[in-house]
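Q: Quick one: the structure is below, questions incoming.
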Amino acid sequence: MAEEIINMTEIAGALNKALMDSISPLVTIFKIVGIALLIYIIFLIIRAFFRWKTTAKVSQMAKDVQEINKKMDILIERIEGISKRDTDIVKQEKKEKKGFFRRLFGKSKSKKIEEDDKIENNKKIKKGKN
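Going by my numbering, the sequence shown opens with residue 78, and the numbers climb by one from there.
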C-alpha cells in the first residue's frame, strides 16, 4: 500500500508538472491580454476626459453664438426701423416738393434759418480772404 501511495504521489507530481507545462503559455497569454486591456481602459479614460473638455468648449461656443444671434437680431431690427424712418422722411419730402408755389413759398422756418446761416458764413469767409 505504501508503494501505491508513492506511485500516486509520483503520478500526481508528474501530472501536475505536465499540466503546468501546458498551462504556462496560456497564463502568459492571459497576462499579456490583461495588460493590453488595462492600457486600453486607461486610454479610454483619458480620451473621455479630453472629449468632455472639448464638448464643454463646443457647448460654450454654441451659447456664445446664440447670444451673438440675439444681438444681431436686435441690430437688424434697429437698422430696419431706421431705414423705414428714412424712407418715410424721403416720402414726406417728396410729398412736400409737389407744386410750384409750395416749393416757392412753402419752406419751413428751420430751412430758412439754415439758408440764412450759410449765407452769413459765406460772407464771413469772403471778408476773411480780403
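Note that the Cβ used here is the ideal one computed from N, Cα and C, for glycine as well.
Note down the Cα distance separating Phe107 from Ala133, rounded to an integer number of angstroms.
A: Between Phe107 and Ala133, the C-alpha separation is close to 39 Å.
Q: Quick check: what's the CA-CA separation for Leu114 versus Phe120?
A: If you take the alpha carbons of Leu114 and Phe120, they lie about 10 Å apart.
Q: Return the CA-CA distance between Ala89 and Met97, expressed in angstroms with no decimal places.
A: Approximately 12 Å, taken between the alpha carbons.
Q: In the stretch 106-172, which residue ranges form an unbroken beta strand (DSSP E) of at least 3 residues, counting only runs that do not cross its ends?
A: None, since the stretch 106-172 contains no complete beta strand (DSSP E) of that length.
Q: If we define contact as Cβ-Cβ less than 8 Å, is Leu96 a contact residue for chain B?
A: Chain labels in this structure do not include chain B; a single protein chain is all it has.
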